[in-house]
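Heads up: the sequence shown begins at 4 in my numbering, then just goes up one per residue. C-beta atoms are modelled at their ideal positions from N, C-alpha and C, and glycine is treated no differently. Notes for the one structure printed next.
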Amino acid sequence: MDLKIFKAISRLSGRMAFMDFLMILLSNRARYLFLFVLACMWMAKGPSRTSAKKAAAASLMAIFVNKIIKVCYFRPRPFITNKVGLLIPAKRDSSFPSKHTVVSFAASIVIFYGNRFIGRILLWVSACTGFARIWAGHHYPSDVIGGALIGGTIGWFTEKCLMPISKSGKQN
4 MDLKIFKAIS RLSGRMAFMD FLMILLSNRA RYLFLFVLAC MWMAKGPSRT SAKKAAAASL
64 MAIFVNKIIK VCYFRPRPFI TNKVGLLIPA KRDSSFPSKH TVVSFAASIV IFYGNRFIGR
124 ILLWVSACTG FARIWAGHHY PSDVIGGALI GGTIGWFTEK CLMPISKSGK QN
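Here it is in structure tokens:
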């Protein structure tokens, strides 16, 4: 099923110039939107700054967890095991989980707890980025879904367990 969905999506790659451009943009540049939002929130005072700090912590934790998983479990990327055209060059490291998805969902979930409006937008961007990674031939759908679940769990854990800071900025 994973391979069938991957092939159905990746078959569209290279056929629509605007969609290819959009998928490349999301795949390669969405992180800069996250950094810009985090920087703006960090410069603000109060709850926005607190959310930015938590999101930064969640992102670092997500990168660390992602590295551990990739060391313990190797899954070849779809362009290695299947004849797929790549939109953009990719590393040959493990496909599971999608680091882009893990990190973006971890940050988005934390931001969602602090600011529902911005959080919803970033969750949407995270999902679109995951889809773009499939479109580009870098990941299977399960890599992206797994990344979203892992990242979402890290975001939730950071918000609820690791850094329970109230809106006033004080530790609970």
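I114 places its beta carbon less than 9 Å from that of I121. Secondary structure of L15 (DSSP, three-state): coil. Boundaries for K163: no alpha helix (DSSP H) harbours it, and the DSSP string shows neither H nor E there.
A straight line joining the alpha-carbon of L63 with that of W138 spans about 26 Å.
Secondary structure note for L126: its alpha helix (DSSP H) is the uninterrupted segment 119–138.
A contact between stretches requires three or more CB pairs, one per stretch, nearer than 8 Å, and the segment 94–101 fails this requirement with the segment 7–16. Counted as a single uninterrupted DSSP element, the alpha helix (DSSP H) harbouring V68 occupies residues 50–75. Just measuring C-alpha positions, the residue of S30, T53, N69, R34 sitting nearest G150 is N69. Distance from the CA atom of P81 to the CA atom of F21, rounded to whole angstroms, is 23 Å. Between A58 and L41, the beta carbon gap of about 6 Å places them in contact (Cβ cut-off 8 Å). The beta-carbon separation of A93 and G154, rounded to 20 Å, does not stay under the 8 Å limit for a contact. CA-CA distance, I83 to P50, rounds to 45 Å. Residue burial is scored here from C-beta neighbours: I8 has fewer than 16 other C-beta atoms within 10 angstroms and is therefore classed as exposed.
Of all alpha-carbon atoms in G140, P144, M46, R136, the one lying nearest the alpha-carbon of K86 is that of G140. Under the 10 Å beta carbon count, D5 is surrounded by fewer than 16 other beta carbons and is classified as exposed.
Shown here, G88 sits in coil according to DSSP, grouped into three states, outside any helix or strand.
Inter-residue distance for I157 and A65 is about 7 Å (C-alpha atoms, whole angstroms). Burial is judged here by how many other beta carbons sit within 10 angstroms of a residue's own beta carbon; R119 has fewer than 16 and is exposed.
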